[in-house]
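Student: Everything in the sequence shown is counted per our numbering, starting at 114 for the first residue and increasing by one. Cβ coordinates follow ideal geometry from the N, Cα and C atoms, glycine included. Right, I'll just put the structure down here and ask away after.
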Amino acid sequence: MSSPISARRICEGRQMELFRPVARDIAARDSRDLMSWPFFSLAKSRRVVPIDFHMGSISICVEATPEHGMATIWDADILIWAASQIIEARNHGLRTSRLMAATPYEILTFIRRDDSARSYLRLKAALDRLQSTTVATSIRQPAERRRHRFSWINEWKELLDERRRPLGIELILPDWFYAGVMDDALVLTIDRAYFDLKGGLERWLYRLVRRHGGRQPGGWSFDLRHLHLKSGSLSPFKRFAFEIRAIVQRQPLPGYRLSLGIGYDGLPRLCFQPAPANPFAAAPRAARR
Numbered sequence: 114m115s116s117p118i119s120a121r122r123i124c125e126g127r128q129m130e131l132f133r134p135v136a137r138d139i140a141a142r143d144s145r146d147l148m149s150w151p152f153f154s155l156a157k158s159r160r161v162v163p164i165d166f167h168m169g170s171i172s173i174c175v176e177a178t179p180e181h182g183m184a185t186i187w188d189a190d191i192l193i194w195a196a197s198q199i200i201e202a203r204n205h206g207l208r209t210s211r212l213m214a215a216t217p218y219e220i221l222t223f224i225r226r227d228d229s230a231r232s233y234l235r236l237k238a239a240l241d242r243l244q245s246t247t248v249a250t251s252i253r254q255p256a257e258r259r260r261h262r263f264s265w266i267n268e269w270k271e272l273l274d275e276r277r278r279p280l281g282i283e284l285i286l287p288d289w290f291y292a293g294v295m296d297d298a299l300v301l302t303i304d305r306a307y308f309d310l311k312g313g314l315e316r317w318l319y320r321l322v323r324r325h326g327g328r329q330p331g332g333w334s335f336d337l338r339h340l341h342l343k344s345g346s347l348s349p350f351k352r353f354a355f356e357i358r359a360i361v362q363r364q365p366l367p368g369y370r371l372s373l374g375i376g377y378d379g380l381p382r383l384c385f386q387p388a389p390a391n392p393f394a395a396a397p398r399a400a401r402r
């Protein structure tokens with residue numbers, strides 16, 4: 114009997130070639146679309162309340178199952194790993210595919226997590242959430258009323274040896290995500306220190322700031338109410354604003370400085386600008402002694 118993934122290849126009408134990433138120490142790349150809009154839960158607790166977001170021509174509906182809950186912004190690290198591997202291979206003239214294979218160690222190492230049994234179980238739980246979370250969006254759709262519906266991972270399977278020890282993982286990425294990754298204009302390099310950020314809100318903020326800050330050397334600002342809407346957070350605005358102020362005090366975002374101000378309309382705004390370069394960061398060790 115054929116495996117589910119093999120059957121999927123036949124159903125799609127073509128044989129997908131298995132893409133085995135080999136690069137480890139490479140730049141981390143993220144999707145501009147995923148950095149701009151509310152696609153993931155920002156909480157570590159299980160979320161089943163849908164994200165129903167509308168702004169202008171953009172609509173996003175993210176739905177979760179009670180069994181697994183909604184894919185979180187930490188689960189999205191797997192998608193960053195996948196995007197980074199695909200772009201690195203393509204830039205070296207290698208053929209890529211939506212069907213990917215890797216060992217848990219390769220994924221966990223890239224996203225700066227240890228390779229303990231606990232981390233492996235969490236990785237599998239993340240894959241389950243990515244597969245069971247469904248998204249319907251108008252982003253990158255040619256017709257205004259058209260929606261693309263998909264899961265972050267079409268399906269995945271675990272490969273085990275005769276002693277049921279993990280050998281690797283195979284997964285199939287959705288067309289919507291893969292097409293965005295293959296478009297240079299829709300991808301940005303991010304700081305690998307992003308993976309060290311602990312809070313869901315600060316992770317989301319970094320991605321949003323990196324998305325806009327990359328084109329605004331003089332900085333930019335957002336109305337806090339607008340930020341609250343774009344985050345998709347279930348927290349009340351008062352709690353959201355409190356958490357933003359705490360992040361401004363900590364300054365955890367790599368490469369950027371945050372501040373709070375008041376706009377011309379009298380409403381509070383979050384301001385950000387690139388952090389000044391450290392002149393000693395790249396200096397030889399001998400020169401620093």
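Count the other C-beta atoms from every protein chain shown that fall within 10 angstroms of the C-beta of Gln198, then say buried if there are 16 or more, exposed otherwise.
Tutor: Burial call: buried.
Student: Compute the Euclidean distance between the alpha carbons of Leu383 and Trp333, then round it to the nearest angstrom.
Tutor: Between Leu383 and Trp333, the C-alpha separation is close to 8 Å.
Student: Per DSSP, what kind of secondary structure is Lys157 in: helix, strand or coil?
Tutor: Lys157: coil per DSSP, three-state reduction.
Student: Thr250 and Trp265 - do their beta-carbons sit closer together than 8 Å?
Tutor: Result no, Cβ atoms of Trp265 and Thr250 do not sit closer than 8 Å.
Student: In this structure, how does DSSP classify Trp187 when only helix, strand and coil are distinguished?
Tutor: In this structure, Trp187 counts as coil in the three-state DSSP scheme.
Student: Starting from the Cα of Ala140, find the closest Cα among Pro163, Ala196, Phe353, Arg160 and give me that residue.
Tutor: Closest by alpha carbon: Ala196.
Student: DSSP puts Val248 in a beta bridge; with which residues?
Tutor: For Val248, which the question treats as bridged, DSSP gives the partners Val175, Phe263.
Student: Given a cut-off of 8 Å on the beta-carbon distance, is the pair Leu234 and Ile191 in contact?
Tutor: Cβ atoms of Leu234 and Ile191: not closer than 8 Å.
Student: For Val300, which three-state DSSP category applies?
Tutor: Three-state DSSP puts Val300 in a strand.
Student: Could you round the C-beta distance between Ser144 and Val294 to whole angstroms and report it? I think they count as a contact, below 8 Å.
Tutor: Ser144 to Val294, Cβ: 6 Å. Contact.
Student: In angstroms, rounded to a whole number, what distance separates the CA positions of Ala184 and Arg242?
Tutor: Rounded to the nearest angstrom, the two C-alpha atoms are 5 Å apart.
Student: With a threshold of 16 other CB atoms inside 10 Å of the CB of Met148, please say whether the residue is buried or exposed.
Tutor: Buried is the call here.
Student: Using a threshold of 8 Å, state whether the C-beta atoms of Arg208 and Tyr291 are closer than that.
Tutor: In this structure, Tyr291 does not lie closer than 8 Å to Arg208 by Cβ.
Student: Between the C-alpha atoms of Arg338 and Ala298, what's the straight-line distance to the nearest angstrom?
Tutor: Answer to the nearest angstrom: the Cα atoms are 28 Å apart.
Student: Rounded to whole angstroms, what's the CA-CA distance from Arg122 to Val300? Just pull it up for me.
Tutor: Unreliable placement is indicated for Arg122, whose pLDDT of 46 sits below 50; the coordinate value is still reported in the next sentence. Approximately 27 Å, taken between the alpha carbons.
Student: Please list the terminal residues of the continuous beta strand (DSSP E) segment that includes His167.
Tutor: It spans 164-168 - the beta strand (DSSP E) in which His167 sits, taken as one unbroken run.
Student: So, for Ser57: in the same chain, excluding its five sequence neighbours on each side, which residues have a beta-carbon less than 8 Å away from its beta-carbon?
Tutor: This structure gives no information on residue 57, because the portion of the chain shown stretches from 114 to 402.
Student: Specify, as a first and last residue, the run of the beta strand (DSSP E) that Phe215 falls within.
Tutor: The sequence as given places Ala at residue 215; Phe does not occur at that position. Per DSSP, Ala215 belongs to the beta strand (DSSP E) from 212-215.
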